[in-house]
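Read through the structure below, which is laid out as structure tokens, and then see the notes.
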Amino acid sequence: MLNSNKLDFLFVVNPVSGGKNKIDWEQGIKEYFKSTQHNIEIFVLDKNNNGELQNRMKERKPGKVIAVGGDGTIKLVAEKLLNSDVPMGILPAGSANGMATELEIPFTLKESLDVICNGIIKKIDIISIDDKLISIHLSDLGLNAMLIKYYDSNKVRGMWGYAKVIFKVLAKKQSIHIRIRSGGEEIMRKAYMVVIANARTYGTRVIINPKGDLYDGKFEIIIVKSLTLWGLFIMLLTHKPFNEKEIEVLQTEEATITAVKKTYFQVDGEYCGRTNIVKAKILPAALSVIMPDVKETRSS
């Protein structure tokens, strides 16, 4: 049953999210709210109207802002709601939906809309990257960022698209030499990936950070020291965590990661080019997010 209080929603829709068989989220949203008293507005993103979205949010002052897309869309909306009391909801319309998976948001249209209307609101931590970007989910240097670069230029989307570029990336299998400074200490490592992790799982449901907690005021740095094609496919098929023998985990509130050579870098599924230095620090309880009442769901 929908909440009887009248609510004002702004849905921010990324029309290019998802694969060929994607749901018509716009139409589904309109149908869902047709017989309710709630007010809705649908804002369709394009390459040129990001600034217009900010103005629309200031003018309309919605009670809830909903990101309809994948992790990149969520990040875009979150940037505009940071340190405000306006909660962000998520409709998982992307080809990879890591944050929706993390928050246990249903992937069906009606059930995810039910969460938007009736879910609980909690504040989660955010990671500041280089004092100019934010990461809600997972950022990394190395092989996965290279995979995202290739995936973005690949015509095949979804899991088949990922499988295709995985072969290409692992064929190169470039390692990186990095230095990590954190808490007054410094370490040097050779790695294939270095992950700056606020959450636990990638959008493919591979668990990279079993210790991930969105509410603990800390983040993890995952150093992936070994990576094989067979091991990666096992993780994709079973959704099991990375082998503990192949990774090293550091937990911190702030860190500087320096690579000897510039390497591929991505933030929440968005390729950011090559870099050789990344500064990260936690922003505790910086974003209000709508999520399912998991206790209620599990008890029903």
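For the sequence shown, my numbering begins at -10 and goes up steadily by one.
Every residue, glycine too, gets a C-beta built ideally from N, C-alpha and C.
The model shown is predicted, which means the values in this text are computed figures rather than measured ones.
Delimiting residues of the beta strand (DSSP E) encompassing residue i
| i | result |
| --- | --- |
| R45 | Note, R45: premise wrong, no beta strand (DSSP E); alpha helix (DSSP H) at 39 to 49. |
| Y21 | Premise fails: Y21 lies in the alpha helix (DSSP H), 14 to 22, not in any beta strand (DSSP E). |
| A274 | 259 to 280 |
| S117 | 109 to 118 |
| T190 | No beta strand (DSSP E) holds T190; DSSP gives it neither H nor E. |
| G78 | 77 to 81 |
| E91 | No beta strand (DSSP E) contains E91, which is instead part of the alpha helix (DSSP H) from 87 to 91. |
| F96 | Per DSSP, F96 belongs to no beta strand (DSSP E) and is neither H nor E. |
| Y290 | In this structure the chain extends from -10 to 289, so residue 290 is not present and cannot be described. |
| D(-3) | -3 to 2 |
| N131 | Here residue 131 turns out to be Gly, not Asn, going by the sequence shown. Here the beta strand (DSSP E) through G131 covers 127 to 131. |
| V184 | 182 to 186 |
| L34 | Segment: none, L34 is in no beta strand (DSSP E) and carries neither H nor E. |
Assigned exposure category for residue i - 16 Cβ within 10 Å defines buried
| i | result |
| --- | --- |
| D129 | buried |
| S215 | exposed |
| D114 | buried |
| E175 | exposed |
| Y204 | exposed |
| V337 | Summary: the structure shown does not reach residue 337, with the chain confined to residues -10 through 289, and so no result is reported for it. |
| S73 | exposed |
| S124 | buried |
| M135 | buried |
| F96 | exposed |
| N38 | exposed |
| E233 | exposed |
| E209 | buried |
| G83 | buried |
| M46 | buried |
| E41 | exposed |
Residue i vs residue j beta-carbon contact at 9 Å
| i | j | result |
| --- | --- | --- |
| I105 | K53 | yes |
| I118 | A269 | yes |
| S101 | L70 | no |
| R170 | A244 | yes |
| I246 | I116 | no |
| I29 | I18 | yes |
| Y191 | L98 | no |
| M182 | N107 | no |
| I236 | I271 | no |
| T241 | G131 | no |
| L(-1) | R49 | yes |
| G206 | A85 | no |
| M88 | D120 | no |
| V184 | I196 | no |
Proximal residues to residue i (C-beta, below 8 Å), its chain only, five neighbours per side dropped
| i | result |
| --- | --- |
| L122 | V256, C261 |
| M77 | K53, V54, I55, A56, I63, V66, A67, L70, L276, S277, V278, I279 |
| P51 | D(-3), F(-2), L(-1), E30, V75 |
Same chain, Cβ closer than 6 Å to residue i, five either side skipped, listed in chain order
| i | result |
| --- | --- |
| V1 | F32, A56, V66 |
| L92 | M280 |
| K327 | With the chain covering only -10 through 289, there is no way to say anything about residue 327. |
| G201 | A186, A188, R189 |
| N3 | L34, G58, T62 |
| K112 | A274, S277 |
| F254 | L130, A134, C261, T264 |
Neighbourhood of residue i by C-beta, 7 Å cutoff - its chain only, sequence neighbours within 5 removed
| i | result |
| --- | --- |
| I109 | M280, D282 |
| R287 | Here R287 scores only 38 on pLDDT, less than 50, and its place in the model is too uncertain to base an answer on. |
| Q43 | K69 |
| M(-10) | Unreliable placement is indicated for M(-10), whose pLDDT of 41 sits below 50; the coordinate value is still reported in the next sentence. The answer is none, since no qualifying residue turns up. |
| E20 | none |
| H27 | K(-5), L(-4), F(-2) |
Start-to-end residues for the alpha helix (DSSP H) that takes in residue i
| i | result |
| --- | --- |
| V66 | 60 to 70 |
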